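When the sequence shown is numbered by my numbering, its final residue is 227 and no position is left out of the sequence of numbers.
Virtual Cβ for every residue (Gly too), placed ideally from N, Cα, C.
All figures in this text were calculated on a predicted structure; none of them were measured in a lab.
One structure is given here, and the rest of the page talks about it.
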Amino acid sequence: MLDCFVAALLAMTFEMEPEDFSERARKLFAGPIEFLKSAPGLQFLPDPDVPEIAFAGRSNVGKSSLLNALTNRKGLARTSNTPGRTQELNFFEVGDPLQLRLVDMPGYGFAEAPKDLVKRWKHLVNDYLRRRSALKRALVLVDSRHGLKDVDREMMRMLDDAAVSYHVVLTKGDKVKPSALGAVYENVMLEAAKHPAAHPSIFTTSAETGSGIAELRTAIIEAALA
Ligand SMILES: Nc1nc2c(ncn2[C@@H]2O[C@H](COP(=O)(O)OP(=O)(O)OP(=O)(O)O)[C@@H](O)[C@H]2O)c(=O)[nH]1
Ligand SMILES: [Mg+2]
């Protein structure tokens with residue numbers, strides 16, 4: 002009788018133990034990951050059958066590079082020095098069996114963007130953010146050298162309005178001295194705290210050195226699969 006009670010108690014304790022998301026994240030990101038498709042409009046989206054995590058940020062901020070660093074694959078997402086290279090919603094499938102999708106969104110805010118392109122981008126992204134039930138979290142990438150710009154604030158408001166929770170992620174951390182990085186981090190923290198959908202955890206990353214990448218992987222898995 003007592004044995005049964007102890008066994009039940011043990012089982013409960015075991016069940017209640019928090020999952021080790023970092024180990025789960027490490028395994029998933031080391032496993033099968035494939036590019037699925039580029040969607041130029043909502044009618045081309047895959048079935049919303051698994052959780053999605055979307056990557057947003059100014060053109061050239063390092064979205065595609067971060068995707069490659071997270072997945073440890075150099076050429077998974079196309080990177081380039083030409084702003085505005087990514088124009089569609091690019092879907093990447095993680096896990097076999099499929100566990101989640103990463104979505105590389107078109108970059109915003111480059112000076113020479115034609116007006117109709119900006120308009121098209123806004124429609125596509127806004128529709129996706131507002132209608133996609135599978136979207137569990139967004140990452141708003143911000144260049145460590147520049148901090149938040151008005152276009153980033155606009156993106157954050159768009160996410161607030163669509164009620165999509167997001168992490169601000171500082172990119173290219175290797176390009177900034179630690180003291181300057183600390184100041185940018187502080188400013189971003191203070192400003193993000195005023196946005197209803199901004200998550201309090203902010204990440205500092207470098208696709209070049211790999212710093213902050215494992216932590217971000219864990220946050221992604223926690224947001225998608227918790
Ligand atoms: N030093 C350094 N360079 C980086 C880092 N991340 C990206 N870059 C460089 O920044 C440039 C732009 O990177 P991308 O990953 O193509 O940027 P993107 O945000 O996907 O750009 P679009 O698709 O045009 O919106 C490339 O030359 C990258 O090599 C980083 O962490 N450190
Ligand atoms: Mg890109």
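- request: Consider the C-beta atom of N61 and the heavy atoms of ligand 1; say whether any pair is separated by less than 8 Å.
  value: Walking along the sequence shown from the start, residue 61 turns up at place 60. Yes, Cβ of N61 sits closer than 8 Å to a heavy atom of ligand 1.
message: Please report the straight-line C-alpha distance between V126 and D21, rounded to a whole angstrom.
response: Here residue 126 corresponds to residue number 125 of the sequence shown, with the count starting at 1. Here residue 21 corresponds to residue number 20 of the sequence shown, with the count starting at 1. Approximately 33 Å between the Cα atoms of the pair.
task: Flag this pair as touching only if the segment 136-150 and the segment 175-189 have three or more C-beta atom pairs under 8 Å; answer yes or no.
output: Short answer: they touch.
message: Looking at the secondary structure, which residues open and close the beta strand (DSSP E) in which G58 lies?
response: Counting from one through the sequence shown, the residue named residue 58 turns up at place 57. In this chain, the beta strand (DSSP E) harbouring G58 covers E53 to G58.
query: Under a three-way DSSP split, which group does R138 fall into?
result: For this step, residue 138 is matched to residue 137 along the sequence shown. R138 falls in the strand class under three-state DSSP.
message: Taking 8 Å as the cut-off, does the segment 205-216 touch the segment 65-73 (at least 3 CB pairs, one atom from each stretch)?
response: Touching, yes.
field: V51: CB within 8 Å of a non-hydrogen atom of ligand 3
entry: Absence of ligand 3 from the depicted structure is noted, with ligand 1 and ligand 2 being the only ligands included.
message: Are the CB atoms of D144 and G63 within a distance shorter than 9 Å?
response: As a working note, residue 63 is residue 62 in the sequence shown. As a working note, residue 144 is residue 143 in the sequence shown. Yes, Cβ-Cβ distance for G63 and D144 is below 9 Å.
message: Helix, strand or coil, according to DSSP, for R74 in the structure here?
response: Here residue 74 refers to the residue found at position 73 of the sequence shown. Coil.
message: Here's the rule I'm using: 16 or more other beta-carbon atoms within 10 Å means buried, otherwise exposed. How should A227 be labelled?
response: Start at 1 with the first residue of the sequence shown, and residue 227 comes out as number 226. Exposed: under 16 other Cβ atoms inside 10 Å.
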